[in-house]
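Participant: Keeping their order, the protein sequence lines are chains A and B. Using this note's numbering, read the first sequence as starting at 164 and increasing by one per residue. Using this note's numbering, read the second sequence as starting at 164 and increasing by one per residue. Below you'll find the structure I mean.
Protein chains: 2
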Amino acid sequence: MWTPAQQLILQNIGKHIELRPDEQSHFISLLDSKTIPRKALLLKEHEVCRHSAFVVAGCLRGYTVDANGFEHVLQFAPPDWWIADMYSLLSGKPGQLNIDALEATEVFLLAKTDQEQLYRDIPRFERFFRIITEKSLVSSRQRVLDNMSLSAQERYDQFCRQYPTLIHTIPQKQIAAYIGVTPEFLSKLRSKRKRGAI
Amino acid sequence: MWTPAQQLILQNIGKHIELRPDEQSHFISLLDSKTIPRKALLLKEHEVCRHSAFVVAGCLRGYTVDANGFEHVLQFAPPDWWIADMYSLLSGKPGQLNIDALEATEVFLLAKTDQEQLYRDIPRFERFFRIITEKSLVSSRQRVLDNMSLSAQERYDQFCRQYPTLIHTIPQKQIAAYIGVTPEFLSKLRSKRKRGAI
DNA sequence: CGTCTATTTGAATGTACTCAAAAGCGGTGG
DNA sequence: CCACCGCTTTTGAGTACATTCAAATAGACG
Chain A
164 MWTPAQQLIL
174 QNIGKHIELR
184 PDEQSHFISL
194 LDSKTIPRKA
204 LLLKEHEVCR
214 HSAFVVAGCL
224 RGYTVDANGF
234 EHVLQFAPPD
244 WWIADMYSLL
254 SGKPGQLNID
264 ALEATEVFLL
274 AKTDQEQLYR
284 DIPRFERFFR
294 IITEKSLVSS
304 RQRVLDNMSL
314 SAQERYDQFC
324 RQYPTLIHTI
334 PQKQIAAYIG
344 VTPEFLSKLR
354 SKRKRGAI
Chain B
164 MWTPAQQLIL
174 QNIGKHIELR
184 PDEQSHFISL
194 LDSKTIPRKA
204 LLLKEHEVCR
214 HSAFVVAGCL
224 RGYTVDANGF
234 EHVLQFAPPD
244 WWIADMYSLL
254 SGKPGQLNID
264 ALEATEVFLL
274 AKTDQEQLYR
284 DIPRFERFFR
294 IITEKSLVSS
304 RQRVLDNMSL
314 SAQERYDQFC
324 RQYPTLIHTI
334 PQKQIAAYIG
344 VTPEFLSKLR
354 SKRKRGAI
């Protein structure tokens with residue numbers, strides 16, 4: 164009946180709400196499947212974000228580029244995660260987020276208009292997106308606190324604990340741009356830590 | 164019919180959903196009005212948060228205390244704002260957030276259990292809280308980016324622009340604990356800026 | 001296999017912190 | 001209503017964490 168990719172997203176939804184088979188079919192019919200090659204952009208800054216993306220395989224990265232040309236990573240999206248430029252998606256205005264693929268990545272896209280229609284047709288989806296937004300908010304606020312209260316070393320340790328699988332798949336440079344240090348300094352942190360352990 | 168405080172919260176809800184008079188009455192009946200004296204705690208760390216609070220007058224502050232005893236402010240809640248320890252409220256586990264009053268503050272409390280019942284009775288409330296959670300997420304993520312890409316001076320300027328009214332009402336020490344610098348350093352930033360302007 | 005990018009290492013620099021002390025301000029009680 | 005006390009803010013000198021710039025090495029992709 165369903166492909167493995169479709170099973171993955173239905174299970175993701177199923178964590179918070181129950182859908183009847185016909186509702187599942189309807190939801191699946193709204194999705195647009197897409198493959199993003201390594202390093203290709205799914206969303207570019209100053210564009211209007213019109214879809215939510217669900218990652219089936221691969222890994223996406225949401226980041227901004229500051230006035231000095233430095234990249235700052237807001238979010239990594241490995242399989243089973245949702246990603247979008249929430250500001251742009253909600254406001255309908257151009258955003259500052261870039262979303263690209265760290266490796267070849269397969270996603271489902273859900274158009275904003277379809278998402279809004281879904282809220283009206285199946286109000287449980289309103290509940291679903293409320294819940295995952297709440298969870299995102301909790302982790303975003305925790306990140307604000309961590310950035311203020313922890314040293315670079317502690318933020319790196321925290322990242323390793325929080326995303327043990329990502330450490331080996333994404334480039335260190337990207338981890339540095341997530342925890343908020345230069346790649347050079349992260350390298351020094353790691354070598355210091357290693358010498359301490361020996 | 165309604166007190167000014169009740170009008171304020173109904174208008175706050177009315178920004179995103181429409182309620183019939185009987186629904187308004189029902190909602191109002193769920194609220195618990197409370198006055199928090201200056202410096203008193205509404206929520207203490209390691210407690211379980213069981214309410215969302217809506218500020219009618221005064222100003223609340225949500226903050227944590229780190230391993231070295233330093234306070235970090237996650238949120239200020241002036242009138243017309245909602246505040247809670249989202250992590251604790253959602254998980255039912257003890258949280259790390261303290262919420263206290265910067266001045267004598269009047270709030271409405273909405274119990275978690277009533278909020279959940281409200282979702283079932285009036286699904287539009289699910290929409291309401293989805294929308295304000297989305298907005299909170301957008302601003303929390305923006306704050307993560309600002310903390311990574313802006314200098315202390317720029318974060319202070321940003322704060323002044325974003326909360327022009329708060330600057331004159333909240334102690335500088337608290338603003339420092341919000342933008343992530345020591346009170347001494349914020350004082351130096353301000354004096355530097357002033358000299359530059361002369 | 002070659003090129004391009006990521007990572008490592010080192011020295012010099014800068015931004016923000018620590019500690020200390022004085023000055024200013026506000027809230028509370030007499 | 002004033003005066004005092006405590007907390008906030010200011011100022012300065014010394015320090016530390018993290019950055020910048022530069023160059024060498026390692027690694028990955030086509």
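By construction, the Cβ of each residue, glycine as well, lies at the ideal position given by its N, Cα and C atoms. Here the structure is a predicted model, which means the values were calculated and not measured.
1. If you compare alpha carbons, which of B:Gln174, B:Ile180, B:Ile191 and B:Pro184 is closest to leucine 273 (chain B)?
2. Note down, in chain order, all residues in the segment 281-311 of chain A with a beta-carbon under 8 Å from any beta-carbon belonging to chain B.
3. Take methionine 249 (chain B) as the anchor and find which of A:Pro334, A:Met164 and A:Ser302 has the nearest alpha-carbon.
4. Could you tell me the distance, in whole angstroms, from the CA atom of threonine 227 (chain A) to the CA atom of lysine 256 (chain A)?
5. Let's see if you can read the secondary structure: which residues bound the beta strand (DSSP E) around valine 236 (chain B)?
6. May I have a chain-ordered list of the alpha helix (DSSP H) segments no shorter than 4 residues that lie completely inside the segment 182-238 of chain A?
7. Check this for me: beta carbons of leucine 300 (chain B) and leucine 300 (chain A), under 8 Å apart or not?
8. With a 10 Å radius around its C-beta and 16 neighbouring C-beta atoms as the bar for buried, classify cysteine 212 (chain A) as buried or exposed.
9. Which term fits asparagine 231 (chain A), buried or exposed, when burial requires 16 or more other beta carbons within 10 angstroms of its beta carbon?
10. Does the beta-carbon of serine 354 (chain B) have 16 or more other beta-carbons within 10 angstroms, so that it is buried, or is it exposed?
11. Quick check on glycine 225 (chain A): buried or exposed, where buried means 16 or more other Cβ atoms within 10 Å of its Cβ?
12. Using a C-beta cutoff of 8 Å, does threonine 227 (chain B) count as contacting chain A?
13. Considering only the alpha carbon of each residue, which of B:Leu260, B:Met164 and B:Phe291 lies closest to arginine 185 (chain B)?
14. Residues in its own chain within less than 7 Å of phenylalanine 291 (chain A) by CB, not counting five upstream and five downstream?
15. DSSP beta-bridge partners for phenylalanine 271 (chain B)?
16. Can you find the residues in the same chain that come closer than 6 Å, C-beta to C-beta, to tyrosine 341 (chain A), ignoring five residues on each side of it along the sequence?
17. Listed in chain order, which residues of the segment 234-257 of chain B have Cβ atoms closer than 7 Å to some Cβ of chain A?
18. Could you please give the first and the last residue of the uninterrupted alpha helix (DSSP H) stretch that includes aspartate 320 (chain B)?
19. Against chain B, with Cβ distances strictly below 8 Å, would glycine 343 (chain A) count as a contact?
20. What are the boundary residues of the alpha helix (DSSP H) that aspartate 309 (chain B) is part of?
21. Is it the case that the segment 215-223 of chain A contacts the segment 256-265 of chain A, given that we only count it when at least three CB pairs across the two stretches are under 8 Å?
22. Got a sec, what are the start and stop residues for the alpha helix (DSSP H) alanine 168 (chain B) sits in?
23. Does the distance from the CB of phenylalanine 348 (chain B) to the CB of isoleucine 338 (chain B) come in under 8 Å?
24. Could you check where the alpha helix (DSSP H) with threonine 342 (chain B) kicks off and where it finishes?
25. Assuming contact is defined by CB atoms lying nearer than 8 Å, are threonine 296 (chain B) and glutamate 297 (chain A) in contact in what I supplied?
26. Please classify histidine 209 (chain B): is it buried, with 16 or more other beta-carbons within 10 angstroms of its beta-carbon, or exposed?
27. By the three-class DSSP mapping on this structure, what secondary structure does aspartate 263 (chain B) have?
28. Look at the Cβ atom of phenylalanine 217 (chain A), then the Cβ atom of isoleucine 172 (chain A), and state whether they are nearer than 8 Å.
29. How big is the Cα-Cα spacing for leucine 253 (chain B) and glutamine 305 (chain A)?
30. Would you decide whether histidine 331 (chain A) is buried or exposed? Buried here means 16 or more other CB atoms lie within 10 Å of its CB.
31. In this structure, how does DSSP classify isoleucine 386 (chain A) when only helix, strand and coil are distinguished?
32. Determine the direct distance from the alpha carbon of arginine 318 (chain A) to that of alanine 240 (chain B), and round the result to whole angstroms.
33. How about methionine 311 (chain B): is its Cβ closer than 7 Å to a heavy atom in the ligand FAD?
Facilitator: According to the structure shown:
1. One-based indexing of the second sequence puts residue 273 (chain B) at position 110. Nearest C-alpha to leucine 273 (chain B): B:Ile191.
2. Answer set for the segment 281-311 of chain A: Tyr282, Pro286, Glu289, Arg290, Phe292, Arg293, Thr296, Glu297, Lys298, Ser299, Leu300, Val301, Ser303, Arg304, Gln305, Arg306, Val307, Leu308, Asn310 and Met311.
3. Stepping through the second sequence from its first residue, residue 249 (chain B) is reached at position 86. Out of A:Pro334, A:Met164 and A:Ser302, A:Ser302 has the C-alpha closest to the C-alpha of methionine 249 (chain B).
4. By one-based count along the first sequence, residue 227 (chain A) stands at place 64. By one-based count along the first sequence, residue 256 (chain A) stands at place 93. Within the model, the alpha-carbon separation for threonine 227 (chain A) versus lysine 256 (chain A) is close to 16 Å.
5. As a position in the second sequence, residue 236 (chain B) is number 73, starting the count at 1. Unbroken beta strand (DSSP E) run through valine 236 (chain B): 234-240.
6. Counting whole runs of 4 or more residues, the segment 182-238 of chain A contains the alpha helix (DSSP H) stretches 184-193.
7. Numbered from its first residue, the second sequence carries residue 300 (chain B) at position 137. Numbered from its first residue, the first sequence carries residue 300 (chain A) at position 137. In this structure, leucine 300 (chain A) lies closer than 8 Å to leucine 300 (chain B) by Cβ.
8. Within the first sequence, the letter at position 49 stands for residue 212 (chain A). Counting the other Cβ atoms within 10 Å of the Cβ of cysteine 212 (chain A) gives 16 or more, which makes it buried.
9. Here residue 231 (chain A) corresponds to residue number 68 of the first sequence, with the count starting at 1. So asparagine 231 (chain A) ends up on the exposed side.
10. Counting from 1 along the second sequence, the entry for residue 354 (chain B) is found at position 191. Classification of serine 354 (chain B): exposed, given that the 10 Å Cβ count is below 16.
11. Here the question's residue 225 (chain A) lines up with position 62 in the first sequence. By the 16-neighbour rule on beta-carbons within 10 angstroms, glycine 225 (chain A) is buried.
12. Counting from 1 along the second sequence, the entry for residue 227 (chain B) is found at position 64. At least one chain A Cβ lies under 8 Å of threonine 227 (chain B).
13. In the second sequence, counting from the first residue as 1, residue 185 (chain B) sits at position 22. Here residue 185 (chain B) turns out to be aspartate, not arginine, going by the sequence shown. Among B:Leu260, B:Met164 and B:Phe291, the Cα nearest to that of aspartate 185 (chain B) is on B:Met164.
14. Sequence index remark: in the first sequence, residue 291 (chain A) carries index 128 (1-based). Excluding residues up to 5 positions away in sequence, Ile176, His179 and Ile180 lie with their Cβ nearer than 7 Å to the Cβ of phenylalanine 291 (chain A) in the same chain.
15. Translated into the one-based positions of the second sequence, residue 271 (chain B) becomes position 108. Answer is B:Ser196 and B:Phe217, bridged to phenylalanine 271 (chain B).
16. For the purposes of this step, residue 341 (chain A) is identified with residue 178 of the first sequence, where counting begins at 1. Within the same chain, tyrosine 341 (chain A) has close Cβ partners Val236.
17. Correct list: His235, Leu237, Met249, Tyr250 and Leu253.
18. Your numbering for residue 320 (chain B) matches position 157 in the second sequence. Counting along the chain, the unbroken alpha helix (DSSP H) around aspartate 320 (chain B) starts and ends at 315-325.
19. As a position in the first sequence, residue 343 (chain A) is number 180, starting the count at 1. Chain B, which has a Cβ nearer than 8 Å to the Cβ of glycine 343 (chain A), makes this yes.
20. For the purposes of this step, residue 309 (chain B) is taken as residue 146 along the second sequence, with counting starting at 1. Unbroken alpha helix (DSSP H) run through aspartate 309 (chain B): 287-312.
21. By the criterion of at least three beta-carbon pairs nearer than 8 Å, the segment 256-265 of chain A is in contact with the segment 215-223 of chain A.
22. Numbered from its first residue, the second sequence carries residue 168 (chain B) at position 5. It spans 167-177 - the alpha helix (DSSP H) in which alanine 168 (chain B) sits, taken as one unbroken run.
23. Mapped onto the second sequence, residue 348 (chain B) falls at position 185. Mapped onto the second sequence, residue 338 (chain B) falls at position 175. Their beta carbons are not under 8 Å apart, which means phenylalanine 348 (chain B) does not touch isoleucine 338 (chain B) by this criterion.
24. Your numbering for residue 342 (chain B) matches position 179 in the second sequence. With the sequence shown as reference, residue 342 (chain B) is identified as isoleucine, and threonine is not the correct amino acid for it. Per DSSP, isoleucine 342 (chain B) is one residue of the alpha helix (DSSP H) stretching across 335-342.
25. Counting from one through the second sequence, the residue named residue 296 (chain B) turns up at place 133. Counting from one through the first sequence, the residue named residue 297 (chain A) turns up at place 134. A contact, by the Cβ cut-off of 8 Å.
26. Translated into positions along the second sequence, residue 209 (chain B) becomes position 46. Burial check for histidine 209 (chain B): the Cβ neighbour count within 10 Å stays below 16, so the residue is exposed.
27. Position 100 of the second sequence, counting from 1, holds the residue named residue 263 (chain B). Aspartate 263 (chain B): strand per DSSP, three-state reduction.
28. Here residue 217 (chain A) is taken as the residue at index 54 of the first sequence, counted from 1. Here residue 172 (chain A) is taken as the residue at index 9 of the first sequence, counted from 1. Yes; because the gap between Cβ atoms is below 8 Å, this pair is in contact.
29. For this step, residue 253 (chain B) is matched to residue 90 along the second sequence. For this step, residue 305 (chain A) is matched to residue 142 along the first sequence. Computed Cα separation, rounded: 14 Å.
30. As a first step, residue 331 (chain A) is located in the first sequence; it is residue number 168 there, counting from the start. Classification of histidine 331 (chain A): exposed, given that the 10 Å Cβ count is below 16.
31. One cannot answer for residue 386 (chain A) here, as it falls past the ends of chain A, which runs 164 to 361.
32. As a working note, residue 240 (chain B) is residue 77 in the second sequence. As a working note, residue 318 (chain A) is residue 155 in the first sequence. The alpha-carbon separation between alanine 240 (chain B) and arginine 318 (chain A) amounts to approximately 28 Å.
33. Here there are no bound small molecules, and the ligand FAD is not part of this structure.
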